[in-house]
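Heads up, the thing below is written out as structure tokens.
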Amino acid sequence: MDATADELAGVVDLFGGLTRAELERALSEAAYRADGQSVDGDALEVALEEARSSFALLEYDRADGDPLLVAGPTAFPTVPAHAEDVPHILDVERRRLDRDALGEQARVEFQDAVDDAVAASEDTTRLHDLLDISYDIEAWAPVDLADERDRLEAAIE
């Protein structure tokens, strides 16, 4: 099973958020139900990296356990085929997240991404992508990214 960023977001969104291990188990259950196959670990790693880079998934640090992967501001959560029963299979309660803390986490991750993109400013595609993502984050969480947008625009010029 090769999951897209939106499908990864769809699976974690079924629960409000999942740890990395829980997400892997959920995907394994869905893959087995789909065709008896398993999840390709390397493909999952690439998909997770792309989902995090595009802000379709965010990592939410919590005080009482491992970080959670949650659907991010650019995601269009889509439950993959054969994953609709995963909540009944996994013994994981739906999680309630602190939206303000999650917004702050998104802001910090975005600032880090801007720092990296500006440092490698020859990659104007990434700069433009982040400019677009800034608006998604602001619509999704109560944060102001105007300063980061100014930095991106200056790096593009």
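Quick note on the UniProt record's numbering: the sequence shown kicks off at 1 and runs consecutively.
Idealized CB from N, CA, C, for every residue including glycine.
For residue 138, the nearest candidate out of 128, 73, 87, 16 (CA to CA): To locate residue 138, count along the sequence shown from 1; it is residue 138. Minimum Cα distance to residue 138 is reached at 73.
Exposure of residue 135, with buried meaning 16 or more beta-carbon neighbours within 10 Å: On the sequence shown, position 135 is the one that residue 135 refers to. Label assigned to residue 135: exposed.
What first and last residue would you give for the beta strand (DSSP E) that runs through residue 157? For the purposes of this step, residue 157 is identified with residue 157 of the sequence shown, where counting begins at 1. Secondary structure note for residue 157: it is in no beta strand (DSSP E), with a DSSP letter that is neither H nor E.
Please report the Cβ distance between residue 9 and residue 57, rounded to the nearest whole angstrom; I am assuming they are in contact, meaning their Cβ atoms lie under 8 Å. Along the sequence shown, one-based indexing puts residue 9 at 9. Along the sequence shown, one-based indexing puts residue 57 at 57. Right, their Cβ atoms sit about 6 Å apart.
Pick out whichever of 14, 20, 130 has its Cα sitting closest to the Cα of residue 65. Along the sequence shown, one-based indexing puts residue 65 at 65. Put simply, of 14, 20, 130 the residue whose alpha carbon is nearest the alpha carbon of residue 65 is 20.
If residue 22 sits next to residue 90, beta carbons under 8 Å apart, how far is it from one beta carbon to the other, in whole angstroms? Walking along the sequence shown from the start, residue 22 turns up at place 22. Walking along the sequence shown from the start, residue 90 turns up at place 90. The pair is a contact, with the Cβ atoms about 7 Å apart (cut-off 8 Å).
Quick check on residue 83: does DSSP put it in helix, strand or coil? Within the sequence shown, the letter at position 83 stands for residue 83. DSSP places residue 83 in coil when its eight states are reduced to three.
Is DSSP giving residue 139 helix, strand or coil here? Indexing the sequence shown from 1 puts residue 139 at position 139. Residue state, collapsed to three classes: helix.
Could you tell me which residues DSSP puts in a beta bridge with residue 59? Here the question's residue 59 lines up with position 59 in the sequence shown. According to DSSP, residue 59 bridges with 69.
Check each candidate in 87, 132, 103 and name the one with the smallest Cα separation from residue 15. For this step, residue 15 is matched to residue 15 along the sequence shown. Measuring from the Cα of residue 15, the nearest candidate turns out to be 87.
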